[in-house]
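Asker:
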Amino acid sequence: MAVTTYDNRPRAGRHRRTPRTRALRPPGRPPAAILVAHLLVWGGAAAVLGLWWADTPSVLGAAGWLTGAGRITGLLAGYACAVLVALMARVPAVDHALGTDRLARWHAMGGRFTVGLTLAHVFSIVSGYALTGHTGLVRQGTDVVLHYPDMLKATAGFLLFLVTAGVSARAARKRMSYELWHLLHLATYAAVFLAFGHQLANGADFAGRLPAQIVWYVLYLGVAALVLWYRVLAPVRSALRHRLRVAHVREEAPGVTSVYVTGRRLDELAAQPGQFFRWRFLSRGLWWSAGPYSLSAPADGKGLRITVKEVGGHSAAVARLAPGTRVWAEGPYGGLTPARAKSGRSLLLAGGIGITPLRALFETLPGEVALVYWAHRQHDLALRSELDAIAGRRGGRVHYSVSGPAGHTLPMDAGTLSRLVPDIAERDVYVCGPAGMAETAKRAVREAGVPGARIHHESFAF
Amino acid sequence: MRGTHRVALTGLSTISGIALLLALKPHHADQPPLSSPEPDSGGGHGGSAPSASGGTRTGTFTGDAVQTKYGPVQVRATLDKGRLTAVKVLKTPSDNEKDRSIAADAVPKLTKEALAAGGAQVHAVSGASYTSDGYARSLQSALDKADSGKHGASRPAQQGAGSGQSTTGRGGGRP
Chain A
9 MAVTTYDNRP RAGRHRRTPR TRALRPPGRP PAAILVAHLL VWGGAAAVLG
59 LWWADTPSVL GAAGWLTGAG RITGLLAGYA CAVLVALMAR VPAVDHALGT
109 DRLARWHAMG GRFTVGLTLA HVFSIVSGYA LTGHTGLVRQ GTDVVLHYPD
159 MLKATAGFLL FLVTAGVSAR AARKRMSYEL WHLLHLATYA AVFLAFGHQL
209 ANGADFAGRL PAQIVWYVLY LGVAALVLWY RVLAPVRSAL RHRLRVAHVR
259 EEAPGVTSVY VTGRRLDELA AQPGQFFRWR FLSRGLWWSA GPYSLSAPAD
309 GKGLRITVKE VGGHSAAVAR LAPGTRVWAE GPYGGLTPAR AKSGRSLLLA
359 GGIGITPLRA LFETLPGEVA LVYWAHRQHD LALRSELDAI AGRRGGRVHY
409 SVSGPAGHTL PMDAGTLSRL VPDIAERDVY VCGPAGMAET AKRAVREAGV
459 PGARIHHESF AF
Chain B
2 MRGTHRVALT GLSTISGIAL LLALKPHHAD QPPLSSPEPD SGGGHGGSAP
52 SASGGTRTGT FTGDAVQTKY GPVQVRATLD KGRLTAVKVL KTPSDNEKDR
102 SIAADAVPKL TKEALAAGGA QVHAVSGASY TSDGYARSLQ SALDKADSGK
152 HGASRPAQQG AGSGQSTTGR GGGRP
C-alpha cells in the first residue's frame with residue numbers, strides 16, 4: 009500500500025531536506041520572531057532601495073532604464089549576499105527562534121533569487137553602458153571587466169557564484185554526495201568576498217560617499233564576525249572544552265549504527281531531547297565534513313549517543329569509527345524538544361531512521377506518550393528493544409508497522425491513527441521521518457483533528 | 002508546478018517593482034546623470050555650434066565649474082577668430098584614485114572630439130558619463146561667454162546643476 013511504502017531510500021536516513029516540505033508553525037516558534045525577522049530583512053532591502061532613490065535624479069532613455077535596473081539589482085544582490093550568509097551563521101538565538109529548517113529554507117529560496125538578481129545586474133549594467141557608449145555588448149563587457157576597478161575579482165566571484173548555483177540545482181545535487189555539495193557551497197564565501205570590492209569602487213551610490221560605504225562595511229563585517237564566531241571560533245572553543253571522543257560503536261540494525269561519545273563537562277552543552285549536533289569525526293576521510301545527526305538518547309551528562317543510518321559518504325564511514333577518535337560537535341540545534349508540548353499528552357510518529365530524536369523524546373516527554381514506528385522490514389526497526397523497555401517502564405504504548413514480507417502494516421491515515429490513539433485530537437504530535445512520510449503523516453494528523461499548532465515537525469534542512 | 006509558478010511570480014513581481022521605481026523617476030534631462038549623446042537631448046548643444054564658429058572672438062574663455070555627482074568639471078576654451086583651437090581642463094573630479102583615473106582616461110578623448118567638432122558636441126565617454134556631461138556643459142558655457150563678448154568667468158554660473166534647480170539651455174521642459 010502506498011501509505012506504508014513511503015520513500016525510505018538511503019537519503020532519508022540523513023533527515024535530508026527535500027523541496028517543498030513546509031513545517032507548520034509550532035507554538036515554540038512564536039510568529040513574533042518570524043515577523044521581526046521579516047521586518048529586519050525587508051526593512052534593510054527598502055533602505056538599500058532608498059539609497060538608490062536618493063542618489064538618482066532622473067532616468068534618461070533606454071540606457072538610463074537599463075543602467076538604473078542594473079544598479080538596483082546590483083545593490084539588492086549585494087545586500088542579499090550579506091543576508092544569505094547571515095542566515096547560515098548558526099547564531100543559536102536565531103536558530104532557536106526561527107528553527108534550523110526555516111532558516112535553511114529561507115536561505116535556499118533567497119539564494120535562487122539572488123542568482124537571478126546577479127544575472128540581471130550583469131546583463132543590464134553591461135547593456136546599459138553599451139547603449140550609452142554606443143558600443144557592442146561584448147566590447148562593453150570586456151571593457152567593464154578589464155578596465156573598471158576591482159572588476160576582475162568581481163568577475164571571478166560571479167563565475168564562482170554561477171558554478172555554486174549550478175551544483176546546488178536540484179538535478180545536480182541528486183548526483184553528488186552531501187559532503188561534496190556542501191564543500192562546493194562554501195565557495196560562495198569566496199565569491200561574496202571577491203565581489204565586495206567592485207560594489208564600493210564602481211557603485212554610483214558608494215563611490216566617493218563615505219556614509220554609504222561605512223554602512224556597507226558594517227553590514228559585511230558584522231556578518232563576517234557572526235560567521236567567524238559561531239562557525240569557527242565557538243566550535244573550536246567547545247572542542248577544547250569538552251574534548252569529545254568516540255567511546256564505542258554499535259550496530260543497531262542492518263546499516264544502522266549507534267555512536268557513543270564521551271567527554272568533559274557535557275552537562276554544559278544543555279542538549280535537549282530531540283535536538284541535534286553537527287558531528288565532525290577527526291579521522292582520516294571524515295574530518296573535513298560535519299554530519300548533522302540527532303541525539304538518539306537523552307544526554308545524561310556522561311555521554312552522548314547518535315544513531316546513524318548508512319547512506320554512503322559520511323554516514324557509512326561512521327560505522328568504522330575507532331574508539332578514541334576525537335570528535336567536534338557543533339550544537340545543540342533544533343527546536344523539536346519537550347518544550348513544544350502543551351497538552352501533557354503526546355503522540356510520536358516515526359518513519360525509518362526518523363526514530364532517533366523521537367526515541368529520546370519517548371523517554372523524556374512528560375505525561376502520557378504513544379509511539380507509532382513505521383519501517384520497511386522487521387529488522388529495520390532500529391532501537392526496538394530499547395523502545396519496548398521504555399514503554400514497559402513508563403507505561404507508554406508502541407505500535408510497530410512494517411511493510412516487508414509478512415509484516416503488519418498500519419496505514420498512515422486519520423482513521424488508523426484515531427483508532428490507535430482515540431484522544432489524538434487532544435495530544436501534541438511529533439513527526440520525524442523522510443519528507444514523503446512526514447507530509448503524509450502530518451496530513452493524516454490534521455484530518456484526525458489535531459490543530460496545526462500542536463503538530464511538531466522539523467524538516468532537517470541541509 | 003507550484004515551484005515553477007512561485008519562481009515566475011517572484012520574477013515578475015521583482016521586475017515590475019524595479020520598473021515601477023524607475024518609472025517614478027523624472028525622465029527629462031535637466032539633471033546631469035548619464036549625459037545622453039543622442040540627438041534628442043543634443044538640441045541645446047547643436048544650436049550652439051554655429052555660435053562658436055560663427056563668432057569672431059579670439060582669446061581664452063573660462064567655462065563655468067559644472068558640479069557633477071563626483072565633483073566639479075571646469076574647462077577653458079581657446080578660440081582663434083571664433084574657431085576652437087584648444088581646451089584646457091582646469092578641474093575634474095579627483096576625490097579618489099578611481100575618479101582621477103577615469104578623468105585621465107576620458108579628458109583627452111573629450112578634447113579630441115570637441116576640437117574635431119569645433120564645439121561642445123561630445124559623446125559621453127563610456128564609464129565617464131558624468132565627467133563627459135560636465136565637460137560638455139562647461140565648454141558650452143565658455144563658448145557662450147565668447148559669444149556674448151565676456152572674457153574670463155565672472156558671470157554667475159548658469160549651469161548650477163548641483164542645486165537640482167538648474168536652468169540649462171537644453172530643450173525638454175517639464176510636461
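From first to last, the protein sequence lines stand for chains A and B. Using the working numbering, read the first sequence as starting at 9 and increasing by one per residue. Using the working numbering, read the second sequence as starting at 2 and increasing by one per residue. Where is the CB? At the ideal position from N, CA and C, for every residue including glycine. Note that the coordinates shown come from a computational prediction; the quantities given were computed from them, not determined experimentally.
#1: Quick one: grab the DSSP three-state call for residue 353(A).
#2: What is the C-beta distance between residue 127(B) and residue 141(A), in whole angstroms, given that I count them as a contact (C-beta under 8 Å)?
#3: Is residue 54(A) buried or exposed, if buried means 16 or more other CB atoms sit within 10 Å of its CB?
#4: Pair every Cβ in the region 290-307 of chain A with every Cβ in the region 367-374 of chain A, then say whether three or more of these pairs are closer than 8 Å.
#5: Counting only Cβ pairs nearer than 9 Å, list the residues of chain B close to residue 53(A).
#6: Run down chain A in chain order and give the residues with a C-beta less than 9 Å from the C-beta of residue 11(B).
#7: Tell me which residue opens and which closes the beta strand (DSSP E) that residue 92(B) is part of.
#8: Which whole-angstrom value is the C-beta distance of residue 285(A) and residue 339(A), which I expect to be below 8 Å?
#9: In this structure, does DSSP put residue 262(A) in helix, strand or coil?
#10: In chain B, what lies closer than 7 Å to residue 76(A) by C-beta?
#11: Could you tell me whether the Cβ of residue 104(B) comes closer than 8 Å to any Cβ of chain A?
#12: Reducing DSSP to helix, strand and coil, say where residue 376(A) ends up.
#13: Per DSSP, what are the beta-bridge partners of residue 302(A) in this structure?
#14: Is there a Cβ from chain A that is less than 8 Å from the Cβ of residue 71(B)?
#15: Would you tell me roughly how many angstroms separate the C-alpha atoms of residue 72(A) and residue 148(B), rounded to the nearest one?
#16: DSSP has residue 383(A) in a bridge; who is on the other side?
#17: What separation, rounded to the nearest whole angstrom, lies between the Cα atoms of residue 16(B) and residue 341(A)?
#18: Over what stretch of residues does the beta strand (DSSP E) that includes residue 437(A) continue unbroken?
#19: Is the shortest distance between the beta-carbon of residue 108(A) and the beta-carbons of chain B less than 8 Å?
#20: Using the rule of at least 16 other Cβ atoms within 10 Å of the residue's Cβ for burial, across every protein chain shown, is residue 59(B) buried or exposed?
#21: Can you tell me where the beta strand (DSSP E) with residue 341(A) in it begins and where it stops?
#22: What is the rounded straight-line gap between the Cα of residue 133(B) and the Cα of residue 63(A)?
#23: Going by C-alpha to C-alpha distance, which of 95(B), 120(B), 104(B) and 100(B) sits closest to residue 86(B)?
#24: For residue 64(A), name the three-state secondary structure that DSSP assigns.
#25: Is there a C-beta anywhere in chain A that falls below 8 Å from the one on residue 14(B)?
#26: Beta-carbon within less than 7 Å of residue 70(A)'s beta-carbon, same chain only, minus the 5 sequence neighbours each way: which residues are those?
#27: So residue 9(B) and residue 63(B) are supposed to be a Cβ contact under 8 Å. How far apart are they, rounded?
#28: At a CB-CB cut-off below 9 Å, which residues of chain A make contact with residue 26(B)?
#29: Quick check: residue 78(B) and residue 88(B), are their CB atoms within less than 8 Å of each other?
#30: Quick one: is residue 146(B) buried, meaning 16 or more other Cβ sit within 10 Å of its Cβ, or exposed?
#31: Between residue 375(A) and chain B, is any beta-carbon pair separated by less than 8 Å?
#32: What is the DSSP secondary structure of residue 252(A), counted as helix, strand or coil?
#33: Count the other CB atoms, across all protein chains shown, that sit within 10 Å of the CB of residue 155(B); report buried if there are 16 or more and exposed otherwise.
#34: Below 8 Å, how does it come out for the region 147-160 of chain A and the region 118-129 of chain A: are there three or more Cβ pairs, yes or no?
#35: Taking the C-alpha atoms as reference points, what is the distance between residue 84(B) and residue 221(A)?
#36: To the nearest angstrom, how far is the alpha carbon of residue 229(A) from that of residue 300(A)?
Answerer: Let me lay it out:
#1: Three-state DSSP puts residue 353(A) in a strand.
#2: Indeed they touch by this definition, with Cβ atoms about 3 Å apart.
#3: When all chains shown are included, residue 54(A) counts as exposed.
#4: Yes: at least three Cβ pairs fall under 8 Å.
#5: The contacting residues do not exist; residue 53(A) stays about 10 Å from chain B at best.
#6: Listed by position along chain A, the residues whose Cβ is nearer than 9 Å to that of residue 11(B) are 117, 120, 121 and 124.
#7: Looking at the DSSP string, the run of the beta strand (DSSP E) that includes residue 92(B) is 84-92.
#8: Rounded to whole angstroms, the Cβ separation of residue 285(A) and residue 339(A) is 3 Å, and the two are in contact under 8 Å.
#9: Assignment of residue 262(A) by DSSP, reduced to helix, strand and coil, places it in the coil class.
#10: Neighbours of residue 76(A) on chain B, chain order: 23.
#11: Residue 104(B) does not count as touching chain A.
#12: If DSSP states are grouped into helix, strand and coil, residue 376(A) belongs with the strands.
#13: Its beta-bridge partners are 284(A).
#14: So yes, residue 71(B) belongs to the interface.
#15: Distance between the alpha carbons of residue 72(A) and residue 148(B) is about 33 Å.
#16: In the DSSP assignment, the residues bridged to residue 383(A) are 410(A).
#17: Put simply, the backbone Cα of residue 16(B) is about 37 Å away from that of residue 341(A).
#18: Here the beta strand (DSSP E) through residue 437(A) covers 436-440.
#19: For residue 108(A), no Cβ of chain B is located within less than 8 Å of the residue's own Cβ.
#20: That one is exposed.
#21: Annotation: the continuous beta strand (DSSP E) that includes residue 341(A) extends over 334-341.
#22: Rounded to whole angstroms, the gap between the alpha carbons of residue 133(B) and residue 63(A) is 19 Å.
#23: Ranked by how close their Cα comes to the Cα of residue 86(B), the residues 95(B), 120(B), 104(B) and 100(B) have 120(B) in first place.
#24: Residue state, collapsed to three classes: coil.
#25: The beta carbon of residue 14(B) sits no closer than 8 Å to any beta carbon of chain A.
#26: Cβ within range, chain order: 139.
#27: The C-beta distance from residue 9(B) to residue 63(B) rounds to 57 Å, too long to meet the 8 Å contact threshold.
#28: Per Cβ cutoff of 9 Å: 61, 64, 65, 66, 67, 72 and 76.
#29: Judged by beta-carbon spacing, residue 88(B) lies within the 8 Å limit of residue 78(B), meaning their Cβ atoms are closer than that value.
#30: Classification for residue 146(B): buried.
#31: Interface annotation, residue 375(A): not in contact with chain B, CB-CB separation never under 8 Å.
#32: DSSP places residue 252(A) in strand when its eight states are reduced to three.
#33: Note that residue 155(B) scores 35 on pLDDT, short of 50, meaning its location in the model is unreliable and no value can be drawn from it.
#34: In short, these stretches do not touch, since the Cβ pair count stays below three.
#35: Straight-line Cα distance between these residues: approximately 45 Å.
#36: Residue 229(A) and residue 300(A): Cα-Cα distance of roughly 28 Å.
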